[in-house]
Amino acid sequence: MHPLLHTKDNTGCEQVMIALEECHARGFVWKAAGMCNDAKKQLVDCLRAERSKSQTENRNGVQDKQARIRQMWKEIDENS
-10 MHPLLHTKDN TGCEQVMIAL EECHARGFVW KAAGMCNDAK KQLVDCLRAE RSKSQTENRN
50 GVQDKQARIR QMWKEIDENS
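Start counting the sequence shown at -10; every next residue gets the next number (this note's numbering).
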């Protein structure tokens, strides 16, 4: 499994990652026959949802920070 998948940011997908690793551990023929495709799709969907959630949180944080900065500059301009 790719090392970046095992980070604190993806704890919501941990069970899906484990299921995919177990499927891959069954061997090459099992993977080549497409037996792990469902687990992989579930992992991709889960990671996409986690990334979307993280992006939303980051976007909201940036907007709050920008609003505070605008307020500070407004106060500076008023006091000048």
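Ideal Cβ placement from N, Cα and C applies to all residues, glycine included.
As assigned by DSSP and simplified to three states, the class of glycine 1: helix
Separation of valine 18 from arginine 48, as counted between CA atoms: 43 Å
Collapsed DSSP secondary structure at alanine 14 in the structure displayed: helix
Residue span of the alpha helix (DSSP H) that contains serine 41, given as start and end: 26 to 68
Local Cβ density within 10 Å of methionine 61, reported as buried at 16 or more and exposed below that: exposed
Burial state of alanine 33, where buried means 16 or more other Cβ atoms lie within 10 Å: This sequence places valine at residue 33; alanine is not what is there. Exposed: under 16 other Cβ atoms inside 10 Å.
Contact set for cysteine 12: own chain, Cβ-Cβ below 6 Å, skip 5 residues either direction: Cys25, Ala28
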